[in-house]
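*Asks:* In my numbering, the protein residues as written are 20 to 325. For glycine and all other residues, C-beta sits at the position ideal for the given N, C-alpha and C.
And the structure:
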């Protein structure tokens, strides 16, 4: 799906049909993943009118630990502009809750700079700083989903960033980030019904046959979309099969067989963008067609009221 933007950044126009979609709430999520250390850092910025929130999470899949800091503010302390469309320019800076976090995008070049002194670490200490730079090319394959219901609309875009570099300080430990073990993600969302009844969604990151991939699993249409470098493929008739409290199978009974081993859950309170929800963080393994997934990381997102 391709988007055009009219003079108002709160309205998207579908290129083929010319149909306009007004939006009242917006969210951008930036993710940096270190596959070698099995750690993921995510920055979730969201706002609706004058209300805004930022959540910073550190997920250590190797140790099975999750920590976060979050803050809500009646407005952004520094003027912030969300991208009006996927791959658009952003200037997002959040000051509040004892931490700072910013994401600046220019022509597909994304800079993430943050200082989060109070976030708890798996080692028992505190403190996270990051200066990361990602490249996001709109010519690459990306995931797009547009949901319309009763004159209400939500748009979701997820893309893989490349050429990641920078520095991460987790406590006193300093890591230069560059190379094949690093991945970056940019998730862009707009909605006109932030208080609607949602459905579970799964997000998986990792490597399949030694190649980076991301996958979005939707219960809206029982689909799984696999995105690797230059290739995107969609699978249908996907089922979520719960096996106890800690295991979930994602399968179509044929060429999709993925096991999610859940190690921790975290509850997110209602914010400007959406109602409260629960994340179940998991290690994923299995097969997609002829591709073998080994210890991929990700999460299953459940609304509190389905």
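#1: Going along the chain, which unbroken runs of the beta strand (DSSP E) with 3 or more residues stay wholly within the stretch 287-316?
#2: Per the DSSP calculation, residue 113 is bridged to which residue(s)?
#3: Quick one: what does DSSP say residue 140 is sitting in, helix, strand or coil?
#4: In angstroms, rounded to a whole number, what distance separates the CA positions of residue 240 and residue 255?
#5: Can you grab the Cα-Cα spacing for the pair residue 318 / residue 176, in whole Å?
#6: Mind the definition here: the stretch 128-143 touches the stretch 156-170 only if three or more C-beta pairs lie below 8 Å; say whether that holds.
#7: On the CB-based measure, 16 or more other CB atoms within 10 Å of its CB, does residue 210 come out buried or exposed?
#8: So is residue 60 buried or exposed if we call it buried at 16+ other beta carbons inside 10 Å?
#9: Span of the beta strand (DSSP E) holding residue 63?
#10: Using alpha carbons as the reference points, say which of 121, 292, 276 lies closest to residue 304.
#11: Kindly indicate which three-state DSSP category residue 255 falls into: helix, strand or coil?
#12: Taking the C-alpha atoms as reference points, what is the distance between residue 81 and residue 99?
#13: Tell whether a beta-carbon distance below 8 Å holds between residue 72 and residue 91.
#14: Between residue 299 and chain D, is the shortest Cβ-Cβ distance under 8 Å, so that the two count as touching?
#15: Give me the residue from 64, 154, 292 with the minimum Cα distance to residue 75.
#16: Run through the DSSP bridge pairs and tell me what residue 162 is partnered with.
#17: Can you look up residue 248 in the DSSP assignment and give me helix, strand or coil?
#18: My understanding is that residue 159 touches residue 129, with C-beta atoms under 8 Å, so please give their C-beta distance in whole angstroms.
#19: Going by the C-beta, is residue 124 closer than 7 Å to any heavy atom of the ligand HEM?
#20: Name the two residues that bound the continuous beta strand (DSSP E) containing residue 90.
#21: Exposed or buried, residue 58, counting other C-beta atoms within 10 Å across all chains shown (16 or more means buried)?
#22: Does residue 80 come out as helix, strand or coil in the three-state DSSP assignment?
#23: Determine the extent of the beta strand (DSSP E) in which residue 268 is found, giving its start and end residues.
#24: Would you say the stretch 146-155 touches the stretch 228-236, given that touching needs at least three Cβ pairs under 8 Å?
*Replies:* Reading off the structure:
#1: 296-307
#2: 120
#3: coil
#4: Each residue's alpha carbon lies about 8 Å from the other.
#5: 17 Å
#6: The answer is no - the stretch 156-170 does not touch the stretch 128-143, with fewer than three Cβ pairs under 8 Å.
#7: buried
#8: buried
#9: 58-67
#10: 276
#11: coil
#12: One C-alpha to the other measures close to 35 Å.
#13: yes
#14: The structure shown has no chain D; it contains just one protein chain.
#15: 64
#16: 177
#17: coil
#18: Contact doesn't hold; Cβ gap of about 14 Å is too wide.
#19: The ligand HEM is absent from the structure shown, which contains no ligand whatsoever.
#20: 84-92
#21: When all chains shown are included, residue 58 counts as buried.
#22: coil
#23: 266-270 is the extent of the beta strand (DSSP E) around residue 268.
#24: no
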